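Enquirer: Starting off with a structure, shown below.
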Amino acid sequence: MTEEFLWECYDNNIYLLFLPAHASHVLQPLDVAVFGPLKRAYRRYLSDLASLADSSHIGKITFLYTYDKARREAITKSNALAGFKASGLWPVNLAKVLMNPMVTETPSPAVTAISPAKEQDSSLLKTPRSSIQLRRALETVPATATQDPTVRLLFRKIGSQLDSQVFEIEKQNREITVLQREREEYLPKRRRKVIYNGNAEFAKIPAIKKAREHMWRTLQPERTANRVKKLKLDDLYT
320 MTEEFLWECY DNNIYLLFLP AHASHVLQPL DVAVFGPLKR AYRRYLSDLA
370 SLADSSHIGK ITFLYTYDKA RREAITKSNA LAGFKASGLW PVNLAKVLMN
420 PMVTETPSPA VTAISPAKEQ DSSLLKTPRS SIQLRRALET VPATATQDPT
470 VRLLFRKIGS QLDSQVFEIE KQNREITVLQ REREEYLPKR RRKVIYNGNA
520 EFAKIPAIKK AREHMWRTLQ PERTANRVKK LKLDDLYT
């Protein structure tokens, strides 16, 4: 990411924004709260049609009919608003993005698939660290155990408390990081790898461009070069 490229974007009213790793998916309201219900509704209507007609072929008319019904059911104002809220875009909630497991957790390498029974047992043994992980764990519990409204309310409160604690821990970790960096300012300097911050560099590009133009006008390299070319060897000794 060169300074010339940053200036070209700034000069053409193109403002760059660098997102945290793995954050693009969780910032899309449609992916968060609309496409999921749409897929489930489409599969349900398609399954209903398959039970009535003994045919596995899905033609264009069948697809359009089924998708239209699923679209009317899933793509609603309430789901759209839920998507913006869950992604933290509106109302603005930075914790929704920064605390999302897809952003905070490092992607693990692919492992060999295990049987559903073992997968269910291992998910129940893990301690939930957020409301999302708590809901995933509850999905493996028989529905009869979570049908009581009081039980559901209790788990919602537990999930909210988990999110609050995780947010506070992350906030304190960031404050500790800032203090550690301030402490390092007083220690002997060491050569270390520079972490590139695209957002900070783009914000400084107008000042950098202005300083370069001022230096160019002051030094006047073209005029100085022409004067040097006109000099004769004898002039250098006078």
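Each residue of the sequence shown is one higher than the one before, counting from 320 in the numbering used here. Where is the CB? At the ideal position from N, CA and C, for every residue including glycine. Quick caveat, the model's predicted, so the values are computed rather than measured.
(1) Check each candidate in Ile495, Gln452, Thr496, Leu325 and name the one with the smallest Cα separation from glutamine 480.
(2) Is the beta carbon of alanine 389 closer than 9 Å to that of valine 353?
(3) In chain order, which continuous runs of the alpha helix (DSSP H) of length 4 or greater are located wholly inside the segment 361–400?
(4) Less than 9 Å between the beta carbons of leucine 285 and glutamate 520, yes or no?
(5) How long is the line joining the alpha carbons of threonine 321 and proline 468, rounded to whole angstroms?
(6) So the candidates are Arg500, Ala369, Thr385, Leu417; which of them puts its Cα closest to the Cα of alanine 340?
(7) Can you check the segment 465–530 for any alpha helix (DSSP H) of at least 4 residues that lies completely inside it and give the ranges in chain order?
(8) Could you tell me the boundaries of the alpha helix (DSSP H) in which phenylalanine 324 lies?
(9) With lysine 415 and alanine 401 assumed to form a contact (beta carbons below 8 Å), what rounded beta-carbon distance in angstroms separates them?
(10) Within the same chain, show all residues whose beta-carbon is closer than 7 Å to that of leucine 489, passing over the 5 residues directly before and after it, in chain order.
(11) Can you give the Cα-Cα distance for lysine 528 and tryptophan 535, rounded to whole angstroms?
(12) If we call anything under 9 Å between Cβ atoms a contact, is glutamate 392 one with alanine 360?
(13) Mapping DSSP to helix, strand and coil, what is threonine 543?
(14) Is the beta carbon of proline 525 closer than 9 Å to that of tyrosine 329?
(15) What separation, rounded to the nearest whole angstrom, lies between the Cα atoms of alanine 456 and asparagine 412?
(16) At the level of alpha carbons, what is the spacing between leucine 540 and leucine 346?
(17) At the level of alpha carbons, what is the spacing between isoleucine 561 and threonine 446?
(18) Output yes or no for whether 9 Å exceeds the beta carbon distance between leucine 365 and threonine 385.
(19) How many whole angstroms separate the CB atoms of valine 422 and alanine 342, which I take to be in contact at a CB cut-off of 8 Å?
(20) For aspartate 482, which residues from the same chain have a beta carbon less than 8 Å from its beta carbon, with the 5 sequence-adjacent residues on both sides left out?
(21) Roughly how many angstroms lie between the CA atoms of alanine 544 and glutamate 532, to the nearest whole one?
(22) Using only alpha-carbon positions, find the residue among Leu383, Arg454, Glu487, Phe403 that is nearest to phenylalanine 474.
Expert: Result, derived from the coordinates:
(1) Numbered from its first residue, the sequence shown carries residue 480 at position 161. Answer by Cα proximity: Gln452.
(2) Taking the first residue of the sequence shown as position 1, residue 353 is located at position 34. Taking the first residue of the sequence shown as position 1, residue 389 is located at position 70. No; because the gap between Cβ atoms is not below 9 Å, this pair is not in contact.
(3) 379–393
(4) This structure leaves residue 285 out entirely; the chain is present only between 320 and 557.
(5) Counted from its first residue, the sequence shown places residue 321 at position 2. Counted from its first residue, the sequence shown places residue 468 at position 149. Straight-line Cα distance between these residues: approximately 57 Å.
(6) Here residue 340 refers to the residue found at position 21 of the sequence shown. When each option's Cα is compared against that of alanine 340, the closest is Leu417.
(7) 468–503
(8) Residue 324 sits at position 5 when you count from the first residue of the sequence shown. Note, phenylalanine 324: alpha helix (DSSP H), 322–330.
(9) For this step, residue 415 is matched to residue 96 along the sequence shown. For this step, residue 401 is matched to residue 82 along the sequence shown. Not really, about 12 Å apart at Cβ, beyond 8 Å.
(10) For the purposes of this step, residue 489 is taken as the residue at position 170 of the sequence shown. Checking the displayed sequence, the identity of residue 489 turns out to be glutamate instead of leucine. Excluding sequence neighbours, glutamate 489 sits near Leu417, Met418.
(11) Within the sequence shown, numbered from 1, the residue matching residue 528 stands at position 209. Within the sequence shown, numbered from 1, the residue matching residue 535 stands at position 216. Taking the straight line from one Cα to the other gives about 11 Å.
(12) Taking the first residue of the sequence shown as position 1, residue 392 is located at position 73. Taking the first residue of the sequence shown as position 1, residue 360 is located at position 41. For the pair glutamate 392 and alanine 360, the CB atoms are nearer than the 9 Å cut-off.
(13) Sequence index remark: in the sequence shown, residue 543 carries index 224 (1-based). Correct three-state label for threonine 543: helix.
(14) The residue labelled residue 329 in the question sits at position 10 within the sequence shown. The residue labelled residue 525 in the question sits at position 206 within the sequence shown. Between tyrosine 329 and proline 525, the gap from beta carbon to beta carbon is short of 9 Å.
(15) To locate residue 456, count along the sequence shown from 1; it is residue 137. To locate residue 412, count along the sequence shown from 1; it is residue 93. The alpha-carbon atoms of alanine 456 and asparagine 412 are separated by roughly 25 Å.
(16) Along the sequence shown, read from residue 1 onward, the residue named residue 540 stands at position 221. Along the sequence shown, read from residue 1 onward, the residue named residue 346 stands at position 27. Looking at the sequence shown, residue 540 is not leucine but proline. Roughly 48 Å separates the two Cα atoms.
(17) Summary: the structure shown does not reach residue 561, with the chain confined to residues 320 through 557, and so no result is reported for it.
(18) Taking the sequence shown and counting its residues from 1, the one referred to as residue 365 is at position 46. Taking the sequence shown and counting its residues from 1, the one referred to as residue 385 is at position 66. Result yes, Cβ atoms of leucine 365 and threonine 385 sit closer than 9 Å.
(19) Walking along the sequence shown from the start, residue 422 turns up at place 103. Walking along the sequence shown from the start, residue 342 turns up at place 23. About 5 Å separates the two Cβ atoms, so the contact holds.
(20) Position 163 of the sequence shown, counted from the first residue, corresponds to residue 482. If we look at aspartate 482 and ignore the five residues flanking it on each side, its Cβ neighbours are Ala414, Met418, Ser449, Ser450.
(21) By one-based count along the sequence shown, residue 544 stands at place 225. By one-based count along the sequence shown, residue 532 stands at place 213. Looking at the two C-alpha atoms, the distance is approximately 18 Å.
(22) Counting from 1 along the sequence shown, the entry for residue 474 is found at position 155. Closest option to phenylalanine 474, Cα to Cα, is Arg454.
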